[in-house]
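Numbering (my numbering), first residue to last: 9 to 295.
Heads up, the thing below is written out as C-alpha cells.
Have a look at this one:
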C-alpha cells in the first residue's frame with residue numbers, strides 16, 4: 009500500500025531534500041517562493057489562489073466570490089507562494105501492477121510532501137480516461153494526509169489519454185511554477201499537447217516515466233497471449249530471445265524520443281522502474 013512506503017523514517021529523509029526543491033521552486037516562481045513578513049496594503053498585487061482555511065479574511069476576493077461563487081485569496085509579490093502542480097496518470101496500464109501504481113503514487117506524494125513542508129502551494133490532478141480529478145489548494149504540512157488520501161482513491165482505470173485529460177486544465181488557475189507529470193506515457197493520444205500546454209501556462213515541466221520492472225524486462229517465455237489492459241485487444245506471440253530484444257530496443261527508442269522531445273520543449277525527462285529505491289528517484293528529479 010501507498011502508506012507502507014511513506015514511513016516516518018522515509019519522510020524524515022525526504023526533508024533533507026528540502027534545500028534542493030526550494031531552489032527549484034524559487035527559480036520557477038518569478039516573485040520568489042518564500043512568504044514575506046511584510047505587512048500593510050502597500051504590497052503590489054500579484055495573483056489569486058483558492059482560499060484555504062486560516063487565510064486572512066482581509067485578503068479574500070469578495071467580488072470574485074460574488075461573481076463565481078468560489079473563494080480566492082489575493083497574493084502579493086512579496087508573499088507569492090511557489091506552486092507545484094502534480095499530474096498523475098491513473099489509467100489501467102498504471103494500475104495493472106499494484107507495485108507500479110504504489111511507486112508512482114509515492115513519487116507524487118513525495119514531491120508534494122517536500123513542497124508542503126515549505127508551505128508551498130500544491131495541486132494534484134489524476135488523469136484517467138481523458139478526464140481529470142483534482143485535489144487543489146494544499147498549502148501546509150497539515151494538508152499532506154489529504155494528498156495521500158486523494159492518491160489512494162480508486163479511479164476508473166480506463167485509457168491513458170494524457171493530451172485529452174490535460175485539456176481539462178486549460179481553464180485551471182495553475183500559477184507559475186513546476187508541473188510534474190507522473191505516467192508510463194503509454195498514451196493513445198500522445199503527450200505532446202500536454203507538455204506544450206503546461207509550458208504555455210508558465211510551468212517548468214518534468215516528465216517522470218514510471219514502469220514496473222516486469223515491463224522493462226518481461227518474464228514471459230514461450231507461447232503467450234498478450235492482452236491490452238486498456239482496450240482488451242490481444243495478440244498471440246512466441247516470446248523468443250529475438251522478440252525480447254526487439255521489445256528492449258523499442259522501449260529504449262521510445263524513451264529516447266521522449267527525452268529528445270523534452271529537451272526541444274525546455275522540459276525534463278526521467279525514467280524509473282519500481283526496483284529503483286524511491287528516495288534515489290526523488291533525488292534525481294530534484295537534482
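Glycine residues also receive a C-beta, built at the ideal position from the N, C-alpha and C atoms.
Asked, Found
"Where does residue 9 sit, in a helix, a strand or coil, going by DSSP?", "coil"
"Return the Cβ separation of residue 178 and residue 155 in integer angstroms, given the expectation that the two are a contact with Cβ distance under 8 Å.", "Between residue 155 and residue 178 the Cβ distance is about 24 Å, and since that is not below 8 Å, they are no contact."
"Between 192, 104, 219, 173, which lies nearest to residue 201 when the distance is taken from Cα to Cα?", "173"
"Roughly how many angstroms lie between the CA atoms of residue 125 and residue 196, to the nearest whole one?", "36 Å"
"Is the beta carbon of residue 234 less than 8 Å from the beta carbon of residue 243?", "yes"
"Closer than 8 Å is the cut-off here; do at least three beta carbon pairs connect the region 69 to 78 with the region 179 to 193?", "no"
"Assuming the contact rule is C-beta atoms closer than 8 Å, residue 111 and residue 218 should be a hit. Round their C-beta distance to whole Å, please.", "6 Å"
"Could you tell me if residue 101 is buried or exposed, where buried requires 16 or more neighbouring beta carbons within 10 angstroms of its beta carbon?", "buried"
"According to DSSP, is residue 170 part of a helix, a strand, or is it coil?", "helix"
"With H, G and I counted as helix, E and B as strand and the rest as coil, what does DSSP make of residue 110?", "helix"
"How about residue 140 and residue 118: are their beta carbons less than 8 Å apart?", "no"
"Use the C-beta contact count for residue 248: other C-beta atoms within 10 angstroms, 16 or more gives buried, fewer gives exposed.", "exposed"
"What did DSSP end up calling residue 24 once you bin it into helix, strand or coil?", "helix"
"Name the DSSP beta bridge partners of residue 277, please?", "215"
"Name the DSSP bridge partner or partners of residue 191?", "217"
"Which ranges does the alpha helix (DSSP H) cover as unbroken runs of at least 4 residues, wholly within the region 231 to 284, from first to last along the chain?", "249 to 272"
"Taking only runs that begin and end inside the region 118 to 153, name each unbroken beta strand (DSSP E) of 3 or more residues, in chain order.", "129 to 136, 139 to 146"
"Looking only at C-alpha atoms, which of 182, 120, 22, 104 sits nearest to residue 56?", "182"
"Could you check if residue 298 is buried or exposed, using at least 16 other CB atoms within 10 Å of its CB as the buried criterion?", "Past the edges of the chain, shown from 9 to 295, lies residue 298, and the structure says nothing about it."
"Do you know how far the Cα of residue 77 is from the Cα of residue 275?", "36 Å"
"Excluding five sequence neighbours on each side, which residues of the same chain lie with their C-beta closer than 6 Å to the C-beta of residue 149?", "124, 125"
"I need the straight-line Cα distance from residue 255 to residue 89, nearest angstrom please.", "44 Å"
"State the beta-bridge partners of residue 186 as determined by DSSP.", "92, 212"
"Give the DSSP-derived three-state secondary structure of residue 292 in the structure shown.", "helix"
"If residue 169 sits next to residue 138, beta carbons under 8 Å apart, how far is it from one beta carbon to the other, in whole angstroms?", "4 Å"
"Helix, strand or coil for residue 158 per DSSP?", "helix"
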